[in-house]
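A.B. asks: Chains as they are written, first to last, in full-length UniProt numbering: chain L, 1 to 513; chain A, 1 to 422. No residue lacks a Cβ here, since even glycine has one placed at the ideal position from N, Cα and C. Computed from a predicted structure; not experimentally measured. Structure provided below as structure tokens; questions to follow.
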Amino acid sequence: MSPPKAKRKKPLPAPGEWTFELIDAYHAEIDRVAREFGLDTYPIQVELITSEQMMDAYSSVGMPVNYHHWSFGKSFLQTEKGYRRGQMGLAYEIVINSNPCIAYLMEENTMTMQALVIAHAAYGHNSFFKGNYLFRQWTNPDAIVDYLIFARNYLTECEERYGEEEVELLLDSCHALMNVGVDRYKRPAKLSLTKELTRQRERTEYLQSQVNDLWRTLPAQASRAHAVETRRFPPEPQENLLYFIEKNAPLLEPWQREVVRIVRKISQYFFPQRQTQVMNEGWATYWHYTLLNTLYDEGLLTDSFMMEFLHSHTNVVYQPGYDEPWYRGINPYALGFAMWQDIRRICEAPTAEDRQWFPDIAGSDWRETFDFAMRNFKDESFVAQFLSPKVMRDFRLFAILDDDKDARLKVSAIHDEAGYRRVREILSDNYNLGSREPNLQVWDVDVRGDRSLTLRHQAYLRRPLSGDCEEVLKHVAHLWGFAVRLEVAREDGSVSCLHECRRDRRRHDAPQV
Amino acid sequence: MVRIIDRRFDSRNKSAVNRQRFMRRFKGQIRKAVADAIDGRSIKDLDNGEDVSIPSRDLSEPQFHHGRGGVWETIFTGNDQFSSGDQINRPQGGAGGGSGKGKASKDGEGEDDFVFNLSREEFLDVFFDDLALPDLVKTQLARIHEYKSQRAGFSNDGTPANINVVRSLRGALGRRLALGAPFHGKLRELQRALDERLETHPDDDPEVQRLRGEIAILRAKLEAIPFIDTFDLRYNNRIKVPKPTTQAVMFCIMDVSGSMDEGKKATAKRFFMLLYLFLTRTYEHIELVFIRHHTVAKEVNEEDFFHSRESGGTVVSSALDLMKDILHARYANGAWNIYGAQASDGDNWENDSPHCRELLAERVLPFVQYFAYIEITPGEPQNLWREYEKLGTAHRNFAMQHIEGLPDIYPVFRELFKKKLV
């Protein structure tokens with residue numbers, strides 16, 4: 001932090017109880033400092049709610065409105081139980097990626113906590129939502145709340161028309177496929193026509209270069225007949241199961257397709273959040289820490305305020321070691337906060353090691369580097385790009401290789417000169433959704449035969465699917481309406497059928513799931 | 001830039017619908033949990049909510065995940081002893097080990113039951129789900145001939161006796177204000193102009209005269225607005241709604257003779273408490289008649305019925321006689337649905353049992369909707385059971401069940417009051 005300036009301002013009062021006037025006063029100061037740091041945010045809407053309402057918001061995946069489903073009731077009961085018994089505090093805040101950005105403050109919070117939450121959510125998360133490329137590309141904050149209201153009304157209408165049970169079964173099936181209902185790689189951004197044409201030409205040229213003249217001697221007819229037989233649908237494997245079902249399931253009613261679409265859209269909306277946990281939480285934590293410290297340096301905050309704030313802050317960024325009973329993996333708040341702090345250190349006071357590892361950013365303007373990093377990365381690439389040897393040493397990171405063919409585990413790399421790059425690579429891969437979650441694709445539809453759908457799991461490092469994939473398959477069959485098969489393609493090239501779920505919607509119309 | 005909104009008074013319980021959906025979906029499991037829960041807890045507690053637990057695998061939401069196995073390489077924090085290339089034994093149970101991400105927590109929580117709290121209402125809903133007093137609906141529908149008058153807001157016409165003064169005057173005041181408003185404004189303006197004019201001009205100035213004239217006209221107009229008009233009048237509106245007669249009377253007959261030991265009495269009491277809870281909950285207007293008997297029968301209040309002790313020989317017919325008498329004295333006017341439940345160990349004075357059967361068949365069963373008999377005895381049925389068995393075939397409104405001990409109560413109760421398809 002910059003050296004404390006002479007305290008010249010009268011501190012804001014810091015009573016335990018908050019008032020609306022105080023929230024406004026604190027917000028004004030936080031806002032001023034945030035602007036000085038150049039944080040760009042959506043307009044802010046702060047909403048005061050009770051703990052009960054917080055639990056409501058919690059259980060409908062943090063959204064202000066959502067359609068009705070028993071699974072939200074389940075998570076409400078879970079949250080309520082944990083909260084009532086004091087096993088779990090509610091999160092201090094929920095922030096919604098919308099425009100204006102809605103931040104919930106709980107009425108039980110002290111004034112200090114409200115200020116912390118405003119700095120964390122309304123400035124930290126908010127600026128991240130506005131800046132980061134994933135959120136910019138994938139989400140539409142202007143429309144999300146309206147879309148959710150539309151979704152709820154639409155589903156209510158469906159329930160009235162087709163019965164609650166019918167809709168519930170459909171939603172169950174869609175929810176089971178939420179993970180595989182997103183476009184991971186396909187960007188929604190439109191390509192320009194010239195680019196499209198260039199690509200088309202490149203593809204043709206590539207195909208041309210693959211033609212081996214020797215085969216020209218083969219009779220032309222034979223190969224044509226073969227081509228007809230093996231024409232497949234879909235022509236290329238599809239990664240987005242919900243999209244594929246929405247567009248191609250033979251017997252879905254139009255309203256059912258719309259419901260599939262709603263679930264898919266909402267799932268897609270949360271996709272960026274799952275990929276930017278470390279960055280996003282670290283960013284918000286960094287900014288609440290920096291903003292409040294700046295205010296303290298200006299003399300606006302009392303010592304007691306700071307003590308309470310630091311107490312909460314240290315709790316949030318606590319990282320237990322691997323052998324402690326409360327170890328739950330790497331704390332994204334801790335890692336993210338440490339990395340952002342470290343980037344600033346590299347910019348402002350680089351060591352020889354930093355100059356060697358980060359020649360681009362060592363000694364650069366930290367605000368610009370921050371802005372660049374915040375806008376253009378996700379967890380996977382952020383770690384790969386910015387995790388410095390110092391942070392690895394501070395966290396004492398080490399990698400364990402668990403191969404089920406070996407009797408023992410192996411320490412594959414640690415935080416030393418030989419291991420830095422390897423550790424960083426593995427950690428980056430740990431955050432890669434593509435390797436964290438199984439890779440499933442729509443492989444084939446027997447268009448001319450029994451209309452059965454074949455899904456293929458491309459096994460990665462021999463990792464199998466978990467046991468409940470059979471249950472999921474029943475849900476796929478429910479949506480598809482005909483037989484569904486699940487194959488696994490192993491890395492040695494062998495393919496075998498894991499499960500098959502026989503079904504013919506035309507004959508057994510009663511839902512089986 | 002910032003908007004601060006106080007949402008604390010917005011609707012709570014946004015999740016109530018989701019909660020209901022959850023309850024409906026897992027009705028089967030919840031019912032089982034409730035049945036388990038009431039074993040071994042006293043009936044008094046039954047009136048409270050209850051923590052129920054459901055095996056979490058029953059309510060899992062399946063997704064495609066990775067399972068255990070294959071190759072995982074994971075980063076951990078806090079290295080205190082390892083160097084590159086070290087070999088470690090696979091830890092048991094997953095905690096702190098390297099057996100793939102999320103395993104530890106999955107193993108830790110995955111097998112736990114899902115526990116949540118049912119409110120009292122929800123608990124009783126589940127508890128008495130699908131139970132009904134047999135035939136009550138039928139008789140009730142047959143005779144709706146009572147109406148009650150009930151307030152239903154206000155109307156524009158009615159009898160003078162029903163005028164609502166406050167509403168009428170409020171309407172009149174509003175009308176007067178609305179009609180008078182333009183005149184009042186004009187009046188104030190004129191008055192001001194007049195006052196100004198008077199300061200500089202004499203009293204007989206023509207302008208002053210003109211203003212005075214206009215003011216007088218306006219005043220007259222204002223006075224012409226009636227204080228109250230016919231269309232200001234509001235009348236209390238009353239409508240007649242049919243009043244369903246769900247009044248019922250339940251006779252609870254319990255044997256408190258010497259052969260009924262404490263255990264059997266406790267079982268009987270539990271049975272009646274359950275019944276009582278069921279009835280008071282289901283029907284608003286229900287009367288209960290408690291009859292206890294040994295050699296003589298006595299009508300007692302609820303407190304005495306459940307809590308005081310007596311002993312002696314057994315003459316069951318005394319209770320049936322008393323029931324018959326009370327029935328004819330108080331409930332014979334046809335406005336009552338009549339139910340009877342009798343608990344006994346079946347040990348009766350030998351010559352009395354046939355008499356009981358006759359009494360029941362001829363003097364009681366023709367008047368009641370339903371009569372249930374439970375015999376609480378660990379072994380063979382006693383003589384009363386054998387006599388009553390002869391009734392079963394001839395009378396549709398008679399049912400009997402055998403209870404051996406406490407755990408049978410709930411199933412037997414369900415059996416007796418199971419909803420029957422009409």
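1. With a threshold of 8 angstroms between beta carbons, is residue 225(L) in contact with chain A?
2. If you draw a straight line from the alpha carbon of residue 91(A) to that of residue 360(L), how long is it in whole angstroms?
3. Using only the alpha-carbon positions, how far apart do residue 356(L) and residue 413(L) sit?
4. Are the beta-carbon atoms belonging to residue 63(L) and residue 96(L) less than 8 angstroms from one another?
5. For residue 273(A), which beta-bridge partners are listed by DSSP?
6. Checking contacts by CB at 8 angstroms: is residue 458(L) closer than that to chain A?
7. Are the CB atoms of residue 276(L) and residue 132(L) within a distance shorter than 8 angstroms?
8. Show which residues of chain L have a CB atom less than 7 angstroms away from the CB atom of residue 70(A).
9. Can you tell me which of 197(A), 252(A), 384(A) and 227(A) puts its alpha carbon nearest to the alpha carbon of residue 179(A)?
10. Who pairs with residue 501(L) in a beta bridge, going by DSSP?
11. Measuring only between beta-carbons, confirm whether residue 415(L) sits less than 8 angstroms from chain A.
12. Using a C-beta cutoff of 8 angstroms, does residue 63(A) count as contacting chain L?
13. Jot down the residue ranges of each uninterrupted beta strand (DSSP E) in the region 333-398 of chain A, minimum 3 residues, whole runs only, in chain order.
14. Return the CA-CA distance between residue 31(A) and residue 126(A), expressed in angstroms with no decimal places.
15. If the criterion is Cβ atoms closer than 8 angstroms, does the pair residue 354(L) and residue 391(L) meet it?
16. Span of the beta strand (DSSP E) holding residue 418(A)?
17. Taking all protein chains shown into account, decide if residue 383(L) is buried (16 or more other Cβ within 10 angstroms of its Cβ) or exposed.
18. At the level of alpha carbons, what is the spacing between residue 20(A) and residue 270(L)?
19. Which residues of the region 173-186 of chain L have a Cβ closer than 9 angstroms to any Cβ of chain A? Give them in chain order.
20. Can you name, in chain order, every residue of its own chain whose Cβ lies under 7 angstroms from the Cβ of residue 238(L), other than the five neighbours on each side?
21. Look up residue 152(A) in the DSSP assignment and say whether it is helix, strand or coil.
22. What three-state label does DSSP hand residue 314(A) in the structure shown?
23. Which residue from 307(L), 447(L), 411(L) and 43(L) puts its Cα closest to that of residue 125(L)?
24. Residue 259(L) to residue 59(A), Cα distance in whole Å?
25. Could you say which of 174(A), 248(A) and 247(A) lies nearest to residue 231(A) if we only look at CA atoms?
26. Counting contacts by CB-CB distance shorter than 8 angstroms, is residue 60(A) in contact with chain L?
27. Bridge partners of residue 378(L), per DSSP?
28. Can a CB atom of chain L be found closer than 8 angstroms to the CB of residue 75(A)?
29. Is residue 301(A) helix, strand or coil by DSSP?
30. Mind checking who residue 496(L) pairs with in its DSSP beta bridge?
31. Per the contact definition of three or more C-beta pairs closer than 8 angstroms, is the region 422-430 of chain L in contact with the region 462-472 of chain L?
32. I'd like to check one pair, residue 249(L) with residue 455(L): are the Cβ atoms closer than 8 angstroms?
33. Specify the secondary structure class of residue 268(A) as computed by DSSP and reduced to three states.
34. Taking 8 angstroms as the threshold (C-beta atoms), are residue 268(L) and residue 366(L) in contact?
35. So which residues on chain L does residue 14(A) lean against when the C-beta distance must stay under 7 angstroms?
36. So, for residue 223(L): in the same chain, excluding its five sequence neighbours on each side, which residues have a beta-carbon less than 7 angstroms away from its beta-carbon?
C.D. replies: This is what the structure holds:
1. Note that residue 225(L) scores a pLDDT of 45, beneath 50, so its modelled location is shaky; the value from the coordinates is reported in the next line. Residue 225(L) does not count as touching chain A.
2. 43 angstroms
3. Distance between the alpha carbons of residue 356(L) and residue 413(L) is about 21 angstroms.
4. Yes, these two residues count as a Cβ contact at 8 angstroms.
5. Paired residue(s): none; residue 273(A) is not in a bridge.
6. no
7. Residue 276(L) sits close to residue 132(L), with the two beta carbons spaced by under 8 angstroms.
8. 404, 461, 462, 463 and 464
9. 227(A)
10. Beta-bridge partners of residue 501(L) (DSSP): 484(L).
11. yes
12. yes
13. 337-344 and 370-376
14. Their Cα atoms are separated by approximately 6 angstroms.
15. no
16. Where residue 418(A) is concerned, there is no enclosing beta strand (DSSP E), given that its DSSP letter is neither H nor E.
17. buried
18. 26 angstroms
19. 175, 176, 177, 178, 179 and 180
20. 244, 441 and 442
21. When DSSP states are grouped into helix, strand and coil, residue 152(A) belongs to the strand group.
22. coil
23. 43(L)
24. 22 angstroms
25. Nearest in C-alpha terms to residue 231(A), of all of 174(A), 248(A) and 247(A), is 174(A).
26. It does: the Cβ of residue 60(A) has a partner Cβ on chain L nearer than 8 angstroms.
27. None, per the DSSP bridge assignment.
28. yes
29. coil
30. 488(L)
31. no
32. no
33. Correct three-state label for residue 268(A): helix.
34. no
35. 56
36. Legend: pLDDT at residue 223(L) = 45, less than 50; position of this residue unreliable, value from coordinates given subsequently. Excluding positions up to five away in sequence, the list is empty.
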